[in-house]
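>
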Amino acid sequence: MKDVLMNERHMLSRRKMLGGAGAISAAVAAASVSKVAMAALPEPVIQTKPDTMPPLVPNTGRPYNPVVTLNGWTLPWRMNNGVKEFHLVAEPVVREMSPGFKAHLWGYNGQSPGPTIEVVEGDRVRLFVTNKLGELTSIHWHGQRLPNGMDGVTGLNQPGIPPGKTYVYEFVARRPGTFMYHPHADEMVQMAMGMMGFWITHPKGKHPLIDEVDRDFCFLLNAYDIDPGAATPKIMTMLDFNLWSWNSRIFPGIDPLVVRHMDKVRIRVGNLTMTNHPIHLHGHEFLITGTDGGPTPKSTRQYEVTADIAVGQMRQMDFLADEEGDWAFHCHKSHHTMNAMGHDVPTMIGVDHRGVAKQITKLIPDYMVMGERGMKDMTEMEMPLPDNTAAMMAGTGPFGAVGMGGMFSVVKVRKDQKRGDYSDPGWYQHPPGTVAYEFTGALPDPARFKADVSPGPGSMPSMAKPAQDVEVKVRKPAGGHSGH
Ligand SMILES: [Cu+2]
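The sequence shown lines up with residues -39 to -1, 1 to 445 when you count with mature numbering (1 follows the signal peptide of the UniProt record, and there is no 0).
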């Protein structure tokens, strides 16, 4: 392709030099020829904004109910003789992870994660993958049934796609379900840099195990280690990440999941981090109706409020949004609802350091200490963060600082939300008398159990009691809290 264009340009410039009216018509002819040649490859669509885009209603092919990708978008396709053609471009991107905090990542078509691919069971799909990175890449279509040579493992199923080259993958989307795509070439680096995307194969027609829903959301769990003030992830980090994200966004940068009261809602989540994430929904119970293995048999379904999503797994949660309100939806690992600098600080609960900490942290941000009454103080503390650093815990709700970061968002259930309207309705207006309130009466003295002089309970009596009772006083050493 490049050679053809080069030759044309060369010919055009030669004709220009020769001059004459004939040169112009020849140039027009050459241009239209090159357009026909270009038509072999669908125009790549690039997204520059990290906003949640409205669902992409299909205008060709079998109809389906499209998904909404949280802080993401669906890639448009071109129909070519009954084949759905997509063009993915692997490239360096700048991703705004939260307002004012931009990360230099790798992704597809302008964003990390890449765009969601949506097709219908039985569709023949052709994917052009252009490599604009400086090293080999490939794409593995996680969870798909496909010919072995389309599975995307570099060296095993195909040669890596060299920089500047475009490879074509083609297969039939045989199985409906929730899938993802990611490189299988230098994957430790490429996934740590943000290369991944969602894939949804909708069922053709009614499916006995796949209910139709009113709202269908999807996002990937990912994690980065970006030093305060820096913009590029440290790709050698194995467990100690400081940014826990949904679709490369961190709270308060993650959009709410807006639904209409009594909507049937589906949320699809895939995990491409290095650890598991128990994803927890408040106020409702859900059923796991699908995994990357497809729809789950009905006999295996049980109501849950937390779904633990292991590395490389996908889960599809269905629930009826029958409780109005602003319901928290988050990872239940408390360190994962924190942003950079939330880790590796000494525990100072019970130590009075008023005044001192503020002075030290002005000079050395790393010396930030946990407040003596807990860490919530820090959401209101004067913190001299380096430029381009996400606040550790942020977000202001109707009742004050939320004190969260990372993998946290809100499911907003509203009676007056219109069908198909995903715009943020603002904060929930609580009916009078339905908000926790302060008790203002007299406080009685606490009733304690009678002092007991015998040793505490245990499975066996100890051989010898310590000469003196000791209260344990330890401070967790700084440096490393791997294994979460
Ligand atoms: Cu988590």
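Virtual Cβ for every residue (Gly too), placed ideally from N, Cα, C.
Could you compute how far the alpha carbon of Val396 sits from the alpha carbon of Gly244?
The residue given as residue 396 occupies position 435 in the sequence shown. The residue given as residue 244 occupies position 283 in the sequence shown. Whole-angstrom Cα-Cα distance: 14 Å.
> In this structure, how does DSSP classify Glu148 when only helix, strand and coil are distinguished?
Walking along the sequence shown from the start, residue 148 turns up at place 187. Glu148 falls in the helix class under three-state DSSP.
> Can Met278 be considered in contact with ligand 1, in the sense that its beta carbon sits closer than 6 Å to one or more heavy atoms?
Against the sequence shown, residue 278 aligns to sequence position 317. Incorrect: Met278 has no Cβ contact closer than 6 Å to ligand 1.
> My parser needs the beta strand (DSSP E) runs of 3 or more residues fully inside the region 217 to 257; what are they?
Runs of the beta strand (DSSP E) inside the region 217 to 257: 218 to 221, 225 to 232, 238 to 242, 247 to 252.
> Kindly indicate which residue of Phe400, Gln8, Lys376 has the alpha-carbon position closest to the one of Gly286.
Taking the first residue of the sequence shown as position 1, residue 286 is located at position 325. The candidate whose alpha carbon is nearest that of Gly286 is Lys376.
> Considering only the beta carbon of each residue, do residue 473 and Thr198 sit closer than 7 Å?
The structure shown does not extend to residue 473, since the chain spans only -39 to 445, so no value can be given for it.
> Counting Cβ pairs closer than 8 Å, one from the region 154 to 161 and one from the region 65 to 76, do we hit at least three?
Counting Cβ pairs under 8 Å, three or more are found: they touch.
> Where does the unbroken beta strand (DSSP E) through Phe180 begin, and where does it stop?
As a working mapping, residue 180 is identified with position 219 in the sequence shown. Its beta strand (DSSP E) spans residues 176 to 185.
> Where does Gly110 fall in DSSP's three states?
Here the question's residue 110 lines up with position 149 in the sequence shown. Note: Gly110 maps to helix in three-state DSSP.
> Is it right to say Asp348 is buried, meaning 16 or more other beta carbons lie within 10 angstroms of its own, or is it exposed?
Along the sequence shown, read from residue 1 onward, the residue named residue 348 stands at position 387. Result: exposed.
> So the beta strand (DSSP E) Arg85 belongs to, where does it begin and stop?
In the sequence shown, counting from the first residue as 1, residue 85 sits at position 124. Taken as a continuous stretch (DSSP letters only), the beta strand (DSSP E) holding Arg85 covers 85 to 92.
> Ala355 bridges to which residues according to DSSP?
What you label residue 355 is simply residue 394 of the sequence shown in a count that begins at 1. In DSSP, Ala355 forms a bridge with Met365.
> Are Gly367 and Trp205 close, meaning C-beta to C-beta below 7 Å?
Walking along the sequence shown from the start, residue 367 turns up at place 406. Walking along the sequence shown from the start, residue 205 turns up at place 244. Yes.
> For the candidate residues Asn232, His241, His222, whose alpha-carbon lies nearest to that of Glu284?
On the sequence shown, residue 284 is found 323 positions in, with the first residue counted as 1. Per the Cα distances, His222.
> Would you call Ile7 buried or exposed, if buried means 16 or more other Cβ atoms sit within 10 Å of its Cβ?
Indexing the sequence shown from 1 puts residue 7 at position 46. The residue is exposed, with fewer than 16 neighbouring Cβ atoms inside 10 Å.
> Tell me whether Met368, by its Cβ, gets closer than 6 Å to a heavy atom of ligand 1.
Sequence index remark: in the sequence shown, residue 368 carries index 407 (1-based). Indeed, a heavy atom of ligand 1 lies less than 6 Å from the Cβ.
> Taking 6 Å as the cut-off, is the C-beta of His243 nearer than that to any heavy atom in ligand 1?
Along the sequence shown, read from residue 1 onward, the residue named residue 243 stands at position 282. Checking the Cβ of His243 against ligand 1 gives no.
> What number of angstroms, rounded off, separates the C-alpha of Ser260 from the C-alpha of Lys126?
Within the sequence shown, the letter at position 299 stands for residue 260. Within the sequence shown, the letter at position 165 stands for residue 126. Cα-Cα distance, rounded: 47 Å.
> Could you check whether the Cβ of His238 sits closer than 6 Å to any heavy atom belonging to ligand 1?
The residue you call residue 238 lines up with position 277 of the sequence shown. Yes - ligand 1 has a heavy atom lying nearer than 6 Å to the Cβ of His238.
> Tell me the DSSP secondary structure of Ser59 in three-state form.
The residue labelled residue 59 in the question sits at position 98 within the sequence shown. Of the three classes helix, strand and coil, the one that applies to Ser59 here is strand, per DSSP.
> Measuring CA to CA, which of Pro392, Gln390, Lys373 is closest to Ser384?
The residue you call residue 384 lines up with position 423 of the sequence shown. Here the closest residue by C-alpha is Lys373.
> From the DSSP output, in three-state form, read off Lys373 for me.
In the sequence shown, the residue the question calls residue 373 occupies position 412. Residue state, collapsed to three classes: strand.
> Once you ignore the five residues that flank Arg87 on each side, which residues in its own chain have a CB closer than 6 Å to its CB?
Taking the first residue of the sequence shown as position 1, residue 87 is located at position 126. For Arg87, where only same-chain residues beyond five positions count, the Cβ hits under 6 Å are Val44, Glu46, Glu131.
> Rounded C-beta distance between Thr162 and Val80? I'm assuming under 8 Å.
On the sequence shown, position 201 is the one that residue 162 refers to. On the sequence shown, position 119 is the one that residue 80 refers to. Right, their Cβ atoms sit about 5 Å apart.
> Is any beta-carbon of chain B found at less than 7 Å from that of Leu404?
Among the chains of the structure shown, chain B does not appear; only one protein chain is present.
> Mind checking whether Thr257 and Thr267 have CB atoms under 7 Å apart?
Numbered from 1 along the sequence shown, position 296 holds the residue referred to as residue 257. Numbered from 1 along the sequence shown, position 306 holds the residue referred to as residue 267. It is not a contact, given that the beta carbons lie outside the stated cut-off.
> On a Cα-Cα basis, can you pick out the residue from Gly61, Asp177, Leu49, Glu82 that is closest to Ile100?
For the purposes of this step, residue 100 is taken as residue 139 along the sequence shown, with counting starting at 1. Considering only alpha carbons, the answer is Leu49.
> Mind checking which residues open and close the beta strand (DSSP E) that includes Glu79?
Within the sequence shown, the letter at position 118 stands for residue 79. Counting along the chain, the beta strand (DSSP E) containing Glu79 begins and ends at 78 to 81.
> Quick one: Cα of Phe178 to Cα of Ala191, how far?
On the sequence shown, residue 178 is found 217 positions in, with the first residue counted as 1. On the sequence shown, residue 191 is found 230 positions in, with the first residue counted as 1. Taking the straight line joining both Cα atoms gives about 31 Å.
> Less than 7 Å between the C-beta atoms of Pro241 and His296, yes or no?
As a position in the sequence shown, residue 241 is number 280, starting the count at 1. As a position in the sequence shown, residue 296 is number 335, starting the count at 1. According to the sequence shown, residue 241 is His rather than Pro. Their beta carbons are not under 7 Å apart, which means His241 does not touch His296 by this criterion.
> By alpha-carbon positions, which one of Thr21, Phe247, Thr35, Ala184 ends up nearest to Thr298?
Within the sequence shown, residue 298 is the residue found at index 337, counting from 1. When only C-alpha atoms are compared, the closest one is Ala184.
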